Each structure stands twice: as structure tokens, then as C-alpha cells.
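Engineer: Structure in C-alpha cells, see below.
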Amino acid sequence: MFKCSNHHPFKTFCAVVGLCGMIVLPCIAAGETSTPTPVTKVKIPNLKSLESKLAKINTQDYGKNVIFYSGFEEGTFQFLGGGRPTDNAGPTWAQAQFQGPEYSASFVSQPKPRSGNKAVRFEWRTSGLAKSNTSKKAMIHYGKAPLSATTDRWYGFSVYISSDELKLEDKSHVLIFQLHATPDFTLKEPWRVPPVSLSLRDGGLRFWHTYDHAKVSPKNDNIRPNGKAHTVCKQQDLWDRWTDIVVHTKFSLEKKGVAQVWIDGKQILDIHGIDLGYNDVVGPYPSWGLYSYKGPESRVIYFDEISVGDENASYADVAPGRLDQTQHPLAK
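In our numbering, the protein residues as written are 490 to 821.
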């Protein structure tokens, strides 16, 4: 859309309105000359990785209320951003952040996958740690929800932790799942900590959530004090077996937020009436894998049966084992 006016009492403007905002430029009347004004480029959220964009690429019918599903049976994947030259087929994800392309992600048949014949293995190494954010990660990310303030999503996945490959550590903090937020770059907003995460910390699996009402969050000054942590199980409970996890979150800054967690069919967390998320234009996006800062030379984790459900989904729509009828039933 294009609008031009030469009747503004102070200055004449042309406004070009696009999907992500408006750029205002001086408008030149007929017969006038003007010195070109430099246009300041501003970074905008990457809308190519919206859920709706990925849905046009991943055209499979994943089932009622399911936005995306991967059991990794193809033994390959591809990404709109990041990844390796060999990541060029199979389901399309939004982005990969692989610390070491040769070892960060691989498809395996051992340990025996949760379902089917393949699972995905992530590895992170201290020797690969550098200054970049990617050097801290062996992670894959799916698409962004369209609206931050009202995002209502269900996430299901199964995780396997070998007691030999990811040992219990004091003061460790290894993030394995997150709902990250996209800053409003047009307002010069910085990256912040994820508003929702699951991490291995202090001997347990910790679910953490937070919020910020500010239009521009000042780094993490408001966010960390607003955070709440809940230990949902001991790390030893995850060792040497597949553990099915379902997370349901509803974002809200009007005390209507929801945070729920199930492990192997048993509801561990059921929180309603909270503030959850940030005051952003674009909604959050989910990530799975390893996000680490320090520790032993190598950490390894396995994932299978990843699902993303929409606002109408339920536990049964996303819990691992849906396709082969091996879901854990809801515990009464």
C-alpha cells in the first residue's frame, strides 16, 4: 500500500506500508528537487520461518490438530537456515545450530528408537565452544507461531539419556527443550532468555517459565526476577530409557497463561492463571537438542517422536507413540 500527502503542517511524507511495519520517506512535490536522505536499514523478524510458511513446504497430513510431526524415519532433514550441505532432504525445519557439523547431529538405530527404526542423536563438545551462540548448541528449531500474546501450543517428544554419555553433575545447566522468543528488532530489542525451557540442572529436570510486560525488554533485567522454576523429575529417572514428555503452554500477559507438563502419561505440572511470554510481535518457536556452556568434553542426548499441536490439540494428539498405538495413557 502507498500513501502520499503534501498537506502535513510540518513536513511532507510518503509512507510505504509493508508486512512488518512502515518506512517513512520524504515526498517530493512536482518541480521540486531534494538531496536524497539516507535510509536506515533495520533488522526485522524472519517471517520465512513462520509455522504457516513451513506448512506450505511440509504438506503431509500429520493428523487432526497436529502442525508438525517427525519420527526421523527418513534419516535426513533440511532447514531454511543453518544445517549442513548433506541436510538437503526430508522434513523441513526452520533452522539448525550445529556446533560441529561432523558430529552435532546424526540418525541412529541404537539405542533402540522410541518408535520405528531411527532416532536423532545430538552431541555437544567443550572443545568446540567459542564466542558464537551456535558453538553452544546442537539444536534444531521449528517455526514461529504468528502471535506472541496468544500462542497456545502443545509439544510432544521422547528423550533418551545414557548414564554413560550425559552424567549427573553438580551445578550443571544443560538446556534440552525451549520455546524461544523473537525480539522486536525494529525497536532495537535485544535477544533475551527463552520464556519457557526444560533443562538438566542441579540433578533434576527443571521446567522454567517467565514473562515481561514491557514492549522492549531491557535484556533480562525484568525477566529473570519474574521466572519460576519447577523440578519435574530427577535426572536419574531419565537414564537409559525413553521418557515421553508433553508440554502445553498458553501465552498471556493478562493472567490467562497456562503451563502443563506430563511425563510418561502422568501430569507433573498444572499451572493456570499466570503471565507467560513476552510482548513481542512474532510468537515463540520450539527447539530440541543440547544447549550448553561448559562441562565435560562430550554430552549426548537422543530424541524421537517430536510433535507440535495447535490450540485445539490435546495430550493424545502429540504424545509419543500416537501412530503405533504405544502412547502412555493418561494416569488417573
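We put the CB at the ideal spot given by N, CA and C, even for glycine. Given the structure is predicted, the values throughout are model-derived calculations rather than measurements.
#1: Work out the CA separation of GLY766 and PRO600 for me, nearest whole Å.
#2: At what residues does the alpha helix (DSSP H) containing ARG713 begin and finish?
#3: Rounded to the nearest angstrom, how far is the Cβ of GLN724 from that of GLY693, given a contact under 8 angstroms?
#4: In the DSSP assignment, find the unbroken alpha helix (DSSP H) run with SER541 in it and report its ends.
#5: Quick one: grab the DSSP three-state call for SER494.
#6: Could you check which residue in VAL736, ASP769, ALA748 has the C-alpha nearest to that of ILE760?
#7: Pick helix, strand or coil for ASP726, following the three-state DSSP scheme.
#8: What is the rounded straight-line gap between the Cα of GLN816 and the Cα of GLY810?
#9: By Cβ distance, which residues of its chain are closer than 8 angstroms to GLY564, with the 5 residues on each side in sequence left out?
#10: Per DSSP, ASN577 is paired with what?
#11: Count the other CB atoms, across all protein chains shown, that sit within 10 Å of the CB of ILE546; report buried if there are 16 or more and exposed otherwise.
#12: Does DSSP put TYR780 in a helix, a strand or coil?
#13: Along the chain, where does the beta strand (DSSP E) containing TYR804 start, and where does it finish?
#14: Is there a Cβ of chain D sitting closer than 9 angstroms to that of ALA805, yes or no?
#15: Could you tell me whether the segment 700–709 touches the segment 763–783, where touching means 3 or more Cβ pairs closer than 8 angstroms?
#16: Have a look at LEU727 and LEU636 and give me their C-alpha separation to the nearest angstrom.
#17: Any contact between the segment 661–668 and the segment 776–784? By contact I mean 3 or more CB pairs, one from each, below 8 angstroms.
#18: Considering only the alpha carbon of each residue, which of LYS745, TYR700, VAL685 lies closest to HIS719?
#19: Using a Cβ-Cβ cut-off of 7 angstroms (strictly less than) and excluding sequence neighbours within five positions of GLY560, which residues of its own chain qualify?
#20: Secondary structure at THR815, three-state DSSP: helix, strand or coil?
#21: How many angstroms separate the CA atom of TYR791 from the CA atom of ARG610?
#22: Considering Cα atoms alone, identify which of LYS821, ILE556, ASN711 is closest to LEU539.
#23: Please report how far the alpha carbon of GLY571 lies from the alpha carbon of LYS821, in whole angstroms.
#24: DSSP three-state call for PHE561: helix, strand or coil?
#25: Assign PRO818 to buried or exposed, taking buried as 16 or more other Cβ atoms, counted over all protein chains shown, within 10 Å of its Cβ.
#26: So the beta strand (DSSP E) GLN447 belongs to, where does it begin and stop?
#27: List the endpoints of the continuous beta strand (DSSP E) containing GLY649.
#28: In its own chain, which residues sit with a C-beta less than 7 angstroms from the C-beta of GLY617, not counting the 5 before and 5 after it?
#29: What did DSSP end up calling LEU676 once you bin it into helix, strand or coil?
#30: Using 10 angstroms around the beta-carbon of TYR782, count the other beta-carbons present and answer buried if the total reaches 16, otherwise exposed.
#31: Take MET628 as the anchor and find which of ARG788, TYR780, GLN814 has the nearest alpha-carbon.
#32: When the Cα atoms are used, what is the spatial distance from ILE712 to ILE757?
#33: Here's the rule: buried if 16 or more other CB atoms are within 10 angstroms of the residue's CB, otherwise exposed. What is GLN549?
#34: Could you tell me the boundaries of the beta strand (DSSP E) in which ASP764 lies?
#35: Report buried or exposed for ALA802, applying the criterion of at least 16 other Cβ atoms within 10 angstroms of its Cβ.
Structural biologist: On the basis of the supplied data:
#1: As a working mapping, residue 600 is identified with position 111 in the sequence shown. As a working mapping, residue 766 is identified with position 277 in the sequence shown. Cα to Cα, PRO600 sits roughly 36 angstroms from GLY766.
#2: Along the sequence shown, one-based indexing puts residue 713 at 224. Run containing ARG713: 712–715, per the alpha helix (DSSP H) assignment.
#3: Walking along the sequence shown from the start, residue 724 turns up at place 235. Walking along the sequence shown from the start, residue 693 turns up at place 204. Contact holds; Cβ gap of about 6 angstroms.
#4: One-based indexing of the sequence shown puts residue 541 at position 52. Note, SER541: alpha helix (DSSP H), 540–546.
#5: Translated into the one-based positions of the sequence shown, residue 494 becomes position 5. Reliability of the predicted coordinates at SER494 is poor, the pLDDT of 41 falling under 50, and the value obtained from them is presented with this limitation in mind. SER494 falls in the strand class under three-state DSSP.
#6: The sequence position of residue 760 within the sequence shown is 271, counting from 1. Comparing Cα-Cα distances from ILE760 to each of VAL736, ASP769, ALA748, the minimum goes to ALA748.
#7: As a first step, residue 726 must be located in the sequence shown, where it is residue number 237. Residue state, collapsed to three classes: helix.
#8: Taking the sequence shown and counting its residues from 1, one reaches residue 816 at position 327. Taking the sequence shown and counting its residues from 1, one reaches residue 810 at position 321. Spanning the two alpha carbons is a distance of roughly 4 angstroms.
#9: Position 75 of the sequence shown, counting from 1, holds the residue named residue 564. Counting only Cβ-Cβ distances below 8 angstroms, and skipping sequence neighbours, we find GLY579, PHE596, LYS607.
#10: Here residue 577 is taken as the residue at index 88 of the sequence shown, counted from 1. Paired residue(s): GLN567.
#11: Here residue 546 refers to the residue found at position 57 of the sequence shown. The residue in question, ILE546, is exposed, as its Cβ has fewer than 16 Cβ neighbours within 10 Å.
#12: Walking along the sequence shown from the start, residue 780 turns up at place 291. Here TYR780 sits in strand by DSSP.
#13: Position 315 of the sequence shown, counting from 1, holds the residue named residue 804. Where TYR804 is concerned, there is no enclosing beta strand (DSSP E), although the alpha helix (DSSP H) it sits in stretches over 804–807.
#14: Absent from the structure: chain D. Only one protein chain is present.
#15: yes
#16: To locate residue 727, count along the sequence shown from 1; it is residue 238. To locate residue 636, count along the sequence shown from 1; it is residue 147. Roughly 34 angstroms between the two C-alpha positions.
#17: yes
#18: Working through the sequence shown from its first residue, we reach residue 719 at position 230. Nearest option by C-alpha distance: VAL685.
#19: Position 71 of the sequence shown holds residue 560. Counting only Cβ-Cβ distances below 7 angstroms, and skipping sequence neighbours, we find SER604, GLY605, ASP793, GLU794.
#20: Counted from its first residue, the sequence shown places residue 815 at position 326. Shown here, THR815 sits in coil according to DSSP, grouped into three states, outside any helix or strand.
#21: Along the sequence shown, read from residue 1 onward, the residue named residue 791 stands at position 302. Along the sequence shown, read from residue 1 onward, the residue named residue 610 stands at position 121. So the two alpha carbons sit approximately 4 angstroms from each other.
#22: Within the sequence shown, numbered from 1, the residue matching residue 539 stands at position 50. That would be ILE556, whose Cα lies nearest to the Cα of LEU539.
#23: For the purposes of this step, residue 571 is identified with residue 82 of the sequence shown, where counting begins at 1. For the purposes of this step, residue 821 is identified with residue 332 of the sequence shown, where counting begins at 1. So the alpha carbons of these two residues sit roughly 43 angstroms apart.
#24: Indexing the sequence shown from 1 puts residue 561 at position 72. If DSSP states are grouped into helix, strand and coil, PHE561 belongs with coil.
#25: Numbered from its first residue, the sequence shown carries residue 818 at position 329. Exposed, since its Cβ has fewer than 16 Cβ neighbours within 10 Å.
#26: The first residue shown for the chain is 490 and the last is 821, placing residue 447 beyond what the model contains.
#27: Counted from its first residue, the sequence shown places residue 649 at position 160. It is worth fixing the name first, because residue 649 is Tyr in this sequence and not Gly. 641–649 is the span of the beta strand (DSSP E), which, as asked, contains TYR649.
#28: As a first step, residue 617 is located in the sequence shown; it is residue number 128 there, counting from the start. GLN588, GLY589, SER624.
#29: Here residue 676 refers to the residue found at position 187 when the sequence shown is read from its first residue. In the structure shown, LEU676 sits in a helix (DSSP, three-state: H, G or I).
#30: Taking the first residue of the sequence shown as 1, we reach residue 782 at position 293. Counting Cβ neighbours within 10 Å, TYR782 comes out exposed, since fewer than 16 surround it.
#31: Counting from one through the sequence shown, the residue named residue 628 turns up at place 139. For the residues ARG788, TYR780, GLN814, the minimum Cα distance to MET628 belongs to TYR780.
#32: Start at 1 with the first residue of the sequence shown, and residue 712 comes out as number 223. Start at 1 with the first residue of the sequence shown, and residue 757 comes out as number 268. Each residue's Cα considered, the two are about 24 angstroms apart.
#33: Working through the sequence shown from its first residue, we reach residue 549 at position 60. With fewer than 16 other Cβ atoms within 10 Å, it is exposed.
#34: Reading the sequence shown from its first residue, position 275 is the one you call residue 764. Where ASP764 is concerned, the enclosing beta strand (DSSP E) stretches over 755–767.
#35: Along the sequence shown, one-based indexing puts residue 802 at 313. Per the 10 Å Cβ criterion, buried.
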